[in-house]
Structures are given as structure tokens and as C-alpha cells.
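*Asks:* First residue of the sequence shown: 920, per the numbering used here; consecutive thereafter. What follows is a single structure, and I will ask about it in a moment.
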Amino acid sequence: MEEEAARMGIQVHYEVLEAAGLKLKGGVCRVKGAYHLYIDRRRSPEEKIEEIQACLAQPLPKDPPENRE
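Encoded structure:
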């Protein structure tokens, strides 16, 4: 699954997703044109696979529309 994500230009990161005692939800984001998928490394292997599969099944986020006045 990680190889498929890499072919789509998505870098997969496994981190402890917690800050100030709050458990954070992972997901995909775009930083400087590169896509990153963050998954909590404490998840089971099955949950990690499900997260990657869910990401690959959805369209990647685009840049937000410019503010029009």
C-alpha cells in the first residue's frame, strides 16, 4: 500500500499523533505542493492499511480557492 501511495505522490508518515494531551486524527494534507499522509504509529497494522486505503480511494485535496472580494 505504501508503494501505491508513493506512486501517487503521497508520502506516508507514522507519528505519535498527540499534542498537549489531545489525541489527534491523522489524514492527508498538502504542504508546498507535496502530499503527506499522517497515521498514528500506535494503530494496529490492519488500521494502518485501512487508513492508506481510505486515502487512496478519495480525491487528493487541492489548494483552497483564492479569496474573492
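Idealized CB from N, CA, C, for every residue including glycine. For clarity, every value in this text was computed on a predicted model and none was experimentally measured.
1) Let me know the secondary structure DSSP gives ARG926 once reduced to three states.
2) Could you give the residue range of the beta strand (DSSP E) that holds LEU956?
3) Report the rounded CA-to-CA distance for TYR933 versus LYS981, giving the unit in angstroms.
4) For GLY945, collect the residues of the same chain with a Cβ closer than 6 Å to its Cβ; drop the 5 residues on either side in sequence, then sort them by chain order.
5) With burial defined as no fewer than 16 other Cβ atoms inside 10 Å of the residue's Cβ, what is the status of GLU970: buried or exposed?
*Replies:* Reading from the atomic positions:
1) helix
2) 953–959
3) 23 Å
4) LEU936, TYR957, ILE958, ASP959
5) buried
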